[in-house]
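In this text, residue positions in the sequence shown follow the working numbering: the first is 940, and each later residue adds one.
Positions of the beta carbon are idealized from the N, C-alpha and C atoms, including for glycine.
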Amino acid sequence: MKIGIIGSGNIGGNLGKHWAKAGHDVLFSSRHPEELNDLAREAGNNAKAVSVTEAFEANADAYLLATPFKAIDKISELYAGEYGNKVIIDATNPYPERDGEMAQEVRNANYNATEYTAMKFNTAKTVKAFNTIKAEDLRDRAFREYDKLSVPFAAQDEESKAVGQQLIEDIGFDAFYIGNLSDTNIMDPDQAIYGKAVEVGKLKELVDATRIH
């Protein structure tokens, strides 16, 4: 699979390295791609550094969105013709203290943050994943054969669900399907499963307890 990384920081950088190791073609992107050359070299022969425009023009199969939440509007508008029928892996979180009024409005709205992303990238298919995992757990606990961490995810349809599950499992995590995009409130930063490094059984307990309440 060809994967464009939009936002190559702690989450995007580590995921890109893992996916490259798993055999996927990875495009790390930035407004200043020369700053990502070391990251691309570290990731190996399956990775390269490109501009954000080049990433979207590369006709990737999926795009990881690992930017600040407030960047969603601009990115979705600038590259509106480039992501039709692609899968958007949304790893963003709305933090009002960082993302300002936009994040607070989404938190107060009758739709959740993932549904907002899907509305903005309305010609793509959205998956919510990797927004609950800590960067150090993502970096250090991939590719385990035993005691695998479970990564919750949600998807817009069956096709995007299959892509999301594959991209989680390819790097040595267990994929735990939460449901559709309207169910992703339980993946928000103020919820019980956020930041938890747990195996699938414990994650199911936390999810079930959250839904009961």
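Margin query: To the nearest angstrom, how far is the alpha carbon of alanine 994 from that of tyrosine 1018?
Written below: Along the sequence shown, read from residue 1 onward, the residue named residue 994 stands at position 55. Along the sequence shown, read from residue 1 onward, the residue named residue 1018 stands at position 79. Alanine 994 and tyrosine 1018: Cα-Cα distance of roughly 10 Å.
Checklist line | alpha helix (DSSP H) segment containing isoleucine 1072, residue limits | finding: As a working mapping, residue 1072 is identified with position 133 in the sequence shown. It is not in any alpha helix (DSSP H) - isoleucine 1072 carries neither H nor E in the DSSP assignment.
Note to self: Would lysine 1059 and isoleucine 1110 be called neighbours here (beta carbons separated by less than 8 Å)?
What the structure shows: Reading the sequence shown from its first residue, position 120 is the one you call residue 1059. Reading the sequence shown from its first residue, position 171 is the one you call residue 1110. Taking 8 Å as the Cβ cut-off, lysine 1059 and isoleucine 1110 do not qualify as a contacting pair.
Notebook entry, point to check: For alanine 1001, which beta-bridge partners are listed by DSSP?
Noted result: Here residue 1001 refers to the residue found at position 62 of the sequence shown. Looking at the DSSP assignment, alanine 1001 forms a beta bridge with Ile942 and Val1026.
Notebook entry, point to check: From which residue to which residue does the beta strand (DSSP E) around lysine 1087 run?
Noted result: One-based indexing of the sequence shown puts residue 1087 at position 148. Segment: none, lysine 1087 is in no beta strand (DSSP E) and carries neither H nor E.
Checklist line | Three-state class that DSSP yields for valine 989 in the structure shown | finding: To locate residue 989, count along the sequence shown from 1; it is residue 50. Strand.
Margin query: Can you look up lysine 1135 in the DSSP assignment and give me helix, strand or coil?
Written below: To locate residue 1135, count along the sequence shown from 1; it is residue 196. Residue state, collapsed to three classes: coil.
Next item on the list: Write down the C-beta distance between methionine 940 and histidine 957 rounded to the nearest angstrom, noting that I regard them as a contact closer than 8 Å.
Entry: Along the sequence shown, one-based indexing puts residue 940 at 1. Along the sequence shown, one-based indexing puts residue 957 at 18. That pair is no contact at about 13 Å.
Check: Buried or exposed: threonine 1065, going by 16 or more other Cβ atoms within 10 Å of its Cβ?
Finding: Taking the first residue of the sequence shown as position 1, residue 1065 is located at position 126. Threonine 1065 is buried by the Cβ-count criterion.
Notebook entry, point to check: By a C-beta neighbour count over all protein chains shown, 10 Å radius and 16 as the cutoff for buried, is asparagine 1024 buried or exposed?
Noted result: The residue labelled residue 1024 in the question sits at position 85 within the sequence shown. Burial call: exposed.
Check: Does the distance from the C-beta atom of leucine 1004 to that of glycine 946 stay below 8 Å?
Finding: By one-based count along the sequence shown, residue 1004 stands at place 65. By one-based count along the sequence shown, residue 946 stands at place 7. Result yes, Cβ atoms of leucine 1004 and glycine 946 sit closer than 8 Å.
Margin query: Given a cut-off of 8 Å on the beta-carbon distance, is the pair valine 991 and valine 1102 in contact?
Written below: Position 52 of the sequence shown holds residue 991. Position 163 of the sequence shown holds residue 1102. Against a cut-off of 8 Å, the Cβ pair of valine 1102 and valine 991 comes out as no contact.
Notebook entry, point to check: Which class does tyrosine 1050 belong to by DSSP, given the choice of helix, strand or coil?
Noted result: For this step, residue 1050 is matched to residue 111 along the sequence shown. In the structure shown, tyrosine 1050 sits in coil (DSSP, three-state: anything other than H, G, I, E or B).
Margin query: Applying the 10 Å Cβ sphere with the 16-neighbour rule, what's the burial state of glycine 955?
Written below: Here residue 955 corresponds to residue number 16 of the sequence shown, with the count starting at 1. With 16 or more other Cβ atoms within 10 Å, it is buried.
Check: Who are the near neighbours of glutamate 1098 in its chain, counting only those whose CB is closer than 7 Å to its CB and skipping five residues on each side?
Finding: In the sequence shown, counting from the first residue as 1, residue 1098 sits at position 159. Result list for glutamate 1098: Lys1064, in chain order.
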